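Heads up, the sequence shown is in full-length UniProt numbering, so the first residue is 1 and it goes up one at a time.
Worksheet: the structure to be examined is printed underneath.
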Amino acid sequence: MKLLRQLLFPFAIIYGWITRIRNFCFDTGILKSYSFDLPVIAVGNLSVGGTGKTPQIEYLIRLLQQDYRVATLSRGYKRESKGFVLADADANARILGDEPFQYYQKFKKIQVAVDANRKNGIEQLLLQKPKPQVILLDDAYQHRKVKAGFYVLLTSYGELYSEDRMLPTGNLREYASGAKRAHVVVVTKCPVGLSEQEQNSIRDKLKLTKEQALFFSTIAYQDSLCSEKTTLMVQDIIQEDKVLVAGIAKPEPFFAHLQTANSVQIRYPDHHHFTTKDILEIKKQSQNKILITTEKDFMRLKDSVLKEQLYYLPISSAFLNNEEAFRAKIKNYVATNVTKPA
């Protein structure tokens with residue numbers, strides 16, 4: 001696979017130039033970007049998948065939902081619906097996509113919408129009553145048709161964008177120079193004990209401007225497993241035989257956190273739609289064993305025949321340091337640009 005990606009290097013050059021020309025057209029106004037009269041925060045990355053966008057969006061929801069009417073707008077990757085959809089009581093993962101449905105299930109005070117056309121999605125949200133005061137754009141860093149007021153760029157500790165190459169040789173959607181659009185950069189999935197010296201080394205590698213702020217975060221695993229009806233403490237079942245199921249981009253940390261010698265790992269592609277055959281195979285392997293999946297996969301499996309034995313492991317984004325500085329930047333941007341109700 002690695003050799004094949006190297007052989008495709010000429011196509012990476014072509015793709016890189018296409019994205020560079022596209023960005024130039026938006027930067028110079030040849031292609032039009034649309035701004036909106038409310039705070040719009042875009043969370044995204046330069047690479048494909050696995051940087052922790054979902055826990056970062058959830059962090060922002062928790063930060064803002066007590067003071068503002070918050071809406072999330074996602075593409076709704078691999079959903080079966082088309083166009084603009086606003087989540088309601090009939091919503092499920094097939095209609096919204098797994099990540100938006102997860103937001104809708106967890107955060108009852110916010111509006112959750114999906115639309116591949118983010119401009120149209122924002123316009124439709126602003127027609128709602130009441131309309132949102134803040135919109136969080138999920139995975140919209142390359143969606144240049146909308147110009148967000150604040151960009152949060154994520155890059156994984158183990159796969160910094162500065163050390164990657166363009167697709168298909170590497171995983172970059174655009175050249176690393178696209179990072180200049182970000183107001184803050186968050187290095188995600190860091191080891192908890194990341195030293196100040198290594199943080200400074202990463203800062204040098206990313207070559208940020210003096211206006212850009214850099215933060216470091218890690219994935220915090222919760223102490224309990226959740227199901228539709230109950231919870232289990234991780235420490236109480238960690239030594240038991242388990243079946244671990246994941247259909248996410250980079251499942252290795254999830255597996256490592258729960259794995260024991262006799263645990264079974266079942267892997268599927270990112271955003272996998274579980275078929276009846278898949279579910280029956282999982283059921284077969286999980287007889288008399290605890291069945292644990294990721295929260296995103298739980299959203300797609302919780303109404304299946306697995307629901308009585310299925311648990312998920314909640315995660316969240318946790319900053320290693322300077323968390324208050326990050327929160328202050330977000331809050332200051334929103335407070336400065338929000339329209340207060342009459």
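Virtual Cβ for every residue (Gly too), placed ideally from N, Cα, C.
These figures come from a predicted structure and were not determined experimentally.
Keeping to the same chain, check which residues put their C-beta closer than 6 Å to that of ALA176; ignore five residues upstream and five downstream.
TYR161, SER162
Quick check for students: name the residue ranges of the alpha helix (DSSP H) that lie wholly in the segment 139 to 211, counting only runs of 4 or more.
196 to 206
Using CA coordinates, which residue listed in GLU99, LYS277, GLU211 is at the minimum distance from GLN56?
GLU99
With a 10 Å radius around its C-beta and 16 neighbouring C-beta atoms as the bar for buried, classify PHE24 as buried or exposed.
Looking at its Cβ environment, which holds fewer than 16 other Cβ atoms inside 10 Å, PHE24 is exposed.
Specify, as a first and last residue, the run of the beta strand (DSSP E) that ARG267 falls within.
Note, ARG267: beta strand (DSSP E), 264 to 267.
CB-CB under 8 Å to ALA342, same chain, minus the five flanking residues each way: which ones, in chain order?
Any reading at ALA342 must be qualified, since the residue scores a pLDDT of 40, below 50, and its modelled position is unreliable; the value itself is stated next. Cβ within range, chain order: n/a, list empty.
Could you tell me whether the Cβ atoms of ALA220 and ILE315 are closer together than 8 Å?
yes
Per DSSP, which one or two residues make a beta bridge with TYR59?
Paired residues: none, contrary to the question.
If we ignore side chains and look at the alpha-carbon of each, how far apart do LYS53 and ALA140 end up?
10 Å
With 16 as the cutoff for other CB atoms within 10 Å, does residue 343 come out buried or exposed?
Outside the displayed span of the chain (1 to 342) sits residue 343, for which this structure offers no information.
I'd like the list of long-range same chain contacts for LEU127, defined as Cβ closer than 7 Å, with 5 residues on each side in sequence excluded.
none
For VAL112 and TYR103, what's the separation of their Cα atoms in angstroms?
7 Å
Considering only C-alpha positions, which residue in the set PHE36, PRO10, THR28, SER227 is nearest to SER304?
SER227
Between which two residues does the beta strand (DSSP E) harbouring PHE216 extend?
213 to 221
Going by C-alpha distance, which of LEU225, SER35, ARG62 is nearest ILE238?
LEU225
When DSSP labels each residue in this structure, what does ALA72 get in the three-state scheme?
Sequence inspection shows Thr at residue 72; the Ala mentioned does not correspond to that position. Looking at THR72 - three-state DSSP - the assignment turns out to be strand.
Quick check on ILE290: does DSSP put it in helix, strand or coil?
Looking at ILE290 - three-state DSSP - the assignment turns out to be strand.
Across which residues does DSSP place CYS226 in a beta bridge pair?
THR231, TYR312
Within 10 angstroms of the Cβ of TYR312, are there 16 or more other Cβ atoms? Answer buried if so, exposed if not.
Flag for TYR312 reads buried.
In terms of residues, what are the limits of the alpha helix (DSSP H) holding GLY44?
Per DSSP, GLY44 belongs to no alpha helix (DSSP H); it is in the beta strand (DSSP E), 40 to 45.
Buried or exposed for GLY137, please, with buried defined as at least 16 other CB atoms from any protein chain shown within 10 angstroms of its CB.
In the sequence on display, residue 137 carries Leu and not Gly. Counting Cβ neighbours within 10 Å, LEU137 comes out buried, since at least 16 surround it.
Tell me whether VAL338 sits in a helix, a strand or coil according to DSSP, three-state version.
coil
I want to know whether the segment 229 to 248 touches the segment 203 to 211 - three or more CB-CB distances under 8 Å.
no
Measure the C-alpha to C-alpha separation of LYS189 and LYS242 and round it to an integer number of angstroms.
24 Å
Assuming LYS78 is part of the beta strand (DSSP E), what are its boundary residues?
Taken as a continuous stretch (DSSP letters only), LYS78 belongs to no beta strand (DSSP E), as it is neither H nor E.
What does the alpha-carbon distance come out to for the pair LYS108 and LEU4?
46 Å
State the CB to CB distance for the pair ASN45 and THR209, rounded to an integer number of angstroms; the pair is presumed to be in contact (CB under 8 Å).
The pair is not a contact, with the Cβ atoms about 18 Å apart (cut-off 8 Å).
Could you say which of GLY121, ARG300, GLY149, THR51 lies nearest to VAL186 if we only look at CA atoms?
THR51
Between which two residues does the alpha helix (DSSP H) harbouring LEU244 extend?
It is not in any alpha helix (DSSP H) - LEU244 instead sits in the beta strand (DSSP E) that spans 242 to 246.
Helix, strand or coil, according to DSSP, for GLN65 in the structure here?
coil
For LEU291, which option in ARG181, ARG144, PHE255, PHE36 has the closest C-alpha, if you only look at C-alpha atoms?
PHE255
Expressed to the nearest angstrom, what Euclidean distance is found between the alpha-carbon atoms of GLN285 and ASN262?
Going by the C-alpha atoms only, they are around 12 Å apart.
By DSSP, does ALA87 sit in helix, in strand, or in coil?
coil
Measure the CB-CB distance between ASP37 and PHE84 and report whether it falls below 8 Å.
no
Throw me the rounded Cβ distance for the THR218 and ALA318 pair, which I believe falls under 8 Å.
5 Å
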